[in-house]
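Asks:
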DNA sequence: ATGGCGCGCGCAGCGCGA
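Residue numbers (my numbering): 74 to 327.
1) Output needed for residue 175: all residues of its chain with C-beta closer than 8 Å, excluding positions within five of it in sequence on either side, in chain order.
2) Are the CB atoms of residue 231 and residue 280 nearer to each other than 9 Å?
3) Report the CB separation of residue 95 from residue 130 in whole angstroms; it is logged as a contact under 8 Å.
4) Taking only the alpha-carbon atoms, compute the straight-line gap between residue 224 and residue 83 and give it to the nearest angstrom.
5) Which full runs of the beta strand (DSSP E) of 3+ residues lie inside the region 112-153, going along the chain?
6) Are residue 320 and residue 303 closer than 9 Å when you measure CB to CB?
7) Starting from residue 177 and walking both ways along the beta strand (DSSP E), at which residues does that stretch end?
8) Under 8 Å by Cβ, that's how I've got residue 136 and residue 161 pegged, so tell me the actual separation to the nearest angstrom.
9) Would you mind working out which of 109, 102, 284 sits nearest residue 229, comparing C-alpha positions?
10) Measure the beta-carbon distance from residue 208 to residue 297 and round it to whole angstroms, keeping in mind my assumption that it falls under 8 Å.
11) Can you tell me which residues form a DSSP beta bridge with residue 79?
12) In angstroms, rounded to a whole number, what distance separates the CA positions of residue 220 and residue 250?
13) When you compare only the Cα positions, how much space is there between residue 62 and residue 265?
14) Can you tell me which of the three DSSP states residue 216 falls into?
15) In or out: residue 155 buried (at least 16 other Cβ within 10 Å) or exposed?
16) Which residues mark the beginning and the end of the alpha helix (DSSP H) in which residue 278 is found?
17) Between the C-alpha atoms of residue 114 and residue 159, what's the straight-line distance to the nearest angstrom?
18) Should residue 210 and residue 294 be called a contact, given that it needs their Cβ atoms to be closer than 9 Å?
19) How big is the Cα-Cα spacing for residue 253 and residue 206?
20) Could you say which of 132, 157, 168 lies nearest to residue 148 if we only look at CA atoms?
21) When the Cα atoms are used, what is the spatial distance from residue 273 to residue 286?
22) Smallest Cα separation from residue 322: which of 98, 144, 93?
23) Rounded to a whole number of angstroms, what is the C-alpha to C-alpha distance between residue 145 and residue 184?
24) Buried or exposed, going by whether 16 or more other CB atoms sit within 10 Å of the CB of residue 238?
25) What is the DSSP secondary structure of residue 199, reduced to helix, strand or coil?
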C-alpha cells in the first residue's frame with residue numbers, strides 16, 4: 074500500500090501535474106490540499122479516466138481538500154467532528170481497515186493576527202478529534218499540509234525564521250502534542266540525511282537555492298507505523314513548469 | 001532591501017499563501 078499527500082495550490086492549474094504523478098507513482102490514496110475548486114467544478118471525469126475515483130470537499134478561491142483512490146473508499150467524513158469551521162480543510166475516509174485523514178492546517182499569517190489565533194484554536198480542535206479517531210481506528214494515517222516546521226532541522230535558516238509563523242513555539246508545541254497522542258512522524262522514522270523540505274517560496278529563486286521548509290507531513294498510528302517500509306519527499310514536481318510551491322510526500326507499507 | 005511569485009477573481013489590482 075502506498076499513501077501520498079500534495080498541496081497542489083489550485084487543482085485546476087495543477088491537474089496535468091497530478092495526472093502525471095498518479096501515472097508514475099500509482100498511490101492507493103492521494104490526499105490533495107488547496108484544491109481551490111468548488112465541488113461542482115471538480116475534475117472528477119479526468120481523474121476517473123486515469124483510474125482514480127475522488128472524494129472532494131471544496132470551496133471557491135481558498136482551501137479545499139480531496140481524496141483520490143483506485144479502490145472504493147468508505148465512511149467519508151468532512152471537517153473536524155465537533156468543530157464548526159466554515160473553511161473546508163479536512164476530509165477522511167477508509168480503505169479496508171486503514172483510516173486516511175487529509176488535512177490542510179491554517180497558515181496563521183502572522184503571530185499577532187486573528188488568523189494565528191484561529192490556527193491554534195483549529196489545532197486544538199484537531200488534537201481533540203484525532204484522539205477519538207485514534208481510539209476508533211487502530212490503523213490511522215493523517216496526511217497533509219500542517220503549516221508547521223516541527224524542528225529547526227526542518228528550516229533552511231532557523232535564525233531567519235525565528236519569531237515567524239510556521240516555526241513559533243506554540244505551533245511546534247501543538248505538533249508535538251499530536252505526536253504525544255501516539256503518532257509517528259513517518260519521515261523521521263527513517264532519519265534521512267537531507268533536509269527533506271516540502272515547500273519553497275516562489276520568490277527569490279528559493280527552490281534553486283534550496284531555501285525551504287518541511288511543513289507537509291504524514292503521521293501514522295502505532296499499528297501503521299510498524300508496517301511503514303519507506304517515507305520520502307518527491308521533489309521532482311517542483312522542477313516542472315508552473316509548479317506548486319509544495320511537493321508530494323509518500324509513505325509505503327509492507 | 002521585508003520585496004521578490006503565483007493563485008483566484010475578474011479585468012485592475014488586491015488578498016492571500018508560507
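Just so you know, even glycine gets a beta-carbon here, dropped at the ideal spot from N, CA and C.
Replies: Reading off the structure:
1) 78, 104, 105, 106, 138, 139, 140, 163, 164, 165, 216, 217
2) Between residue 231 and residue 280, the gap from beta carbon to beta carbon reaches 9 Å or more.
3) With a Cβ gap of about 19 Å, residue 95 and residue 130 do not count as contacting.
4) 28 Å
5) 126-130, 138-142, 147-151, all fully within the region 112-153.
6) no
7) 171-177
8) 5 Å
9) Nearest in C-alpha terms to residue 229, of all of 109, 102, 284, is 284.
10) Approximately 15 Å separates the beta-carbon atoms of residue 208 and residue 297; this is outside 8 Å, ruling out the contact.
11) 105, per the DSSP bridge assignment.
12) 15 Å
13) Given that the chain is displayed from residue 74 to residue 327, the structure contains no residue 62 and the question cannot be resolved.
14) strand
15) exposed
16) First-last for residue 278: undefined, no H or E at that position.
17) Rounded to whole angstroms, the separation of the alpha carbons of residue 159 and residue 114 is 19 Å.
18) Yes, Cβ-Cβ distance for residue 210 and residue 294 is below 9 Å.
19) The straight-line gap from Cα to Cα measures roughly 14 Å.
20) Checked all of 132, 157, 168; the closest Cα to residue 148 is 168.
21) CA-CA distance, residue 273 to residue 286, rounds to 7 Å.
22) 98
23) 41 Å
24) buried
25) helix
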